[in-house]
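Okay, structure first, notes after.
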Amino acid sequence: MSQIASVWLVVLLALVMANMPFISNRLFAVIALKSPKNLAMRLAEMVLWYLLVGALGLYLEQRNGQIAPQGWEFYAITGTLFLTFAFPGFTYRYLFKHRS
Numbered sequence: 001m002s003q004i005a006s007v008w009l010v011v012l013l014a015l016v017m018a019n020m021p022f023i024s025n026r027l028f029a030v031i032a033l034k035s036p037k038n039l040a041m042r043l044a045e046m047v048l049w050y051l052l053v054g055a056l057g058l059y060l061e062q063r064n065g066q067i068a069p070q071g072w073e074f075y076a077i078t079g080t081l082f083l084t085f086a087f088p089g090f091t092y093r094y095l096f097k098h099r100s
């Protein structure tokens with residue numbers, strides 16, 4: 001896989017995984033829960049998705065060559081980007097009125 005393709009794969013996967021906690025009522029989109037997820041559980045799930053997507057990005061970067069050194073700035077920017085990607089799912093879950 002080329003470097004450009006791997007970058008787009010990570011960006012698109014981050015976009016999907018950032019919204020997954022808000023779209024699905026299942027834990028990690030697999031495990032059915034007895035009660036609905038609250039906001040804290042959704043945020044914790046989103047942090048785990050962030051770490052998994054980051055691990056995939058790290059693997060793809062290592063496979064394409066040497067890993068660039070990353071300081072706290074890198075994690076601050078990617079974390080806020082992941083939160084920005086999650087905004088459509090948050091808006092759908094908490095700001096739209098759902099008909100019952």
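In the UniProt record's numbering, the protein residues as written are 1 to 100.
Each residue gets a CB set at the ideal place from its N, CA and C atoms; glycine is no exception.
At the level of alpha carbons, what is the spacing between residue i and residue j?
i, j, result
"F28", "A14", "14 Å"
"L56", "V10", "7 Å"
"T80", "F74", "10 Å"
"M20", "G65", "30 Å"
Bridge partners of residue i, per DSSP?
i, result
"I31", "L27"
What three-state label does DSSP hand residue i in the structure shown?
i, result
"R99", "coil"
"M1", "coil"
"G71", "coil"
"Q66", "coil"
"P36", "coil"
Spatial neighbours of residue i within its chain, please: CB distance less than 8 Å, with the 5 preceding and 5 following residues excluded, ordered by chain position.
i, result
"N25", "L33, P36, K37"
Leaving out five residues on either side along the sequence, give the residues of the same chain with a beta carbon under 6 Å from the beta carbon of residue i.
i, result
"I67", "E61"
Who are the near neighbours of residue i in its chain, counting only those whose CB is closer than 7 Å to its CB and skipping five residues on each side?
i, result
"V7", "none"
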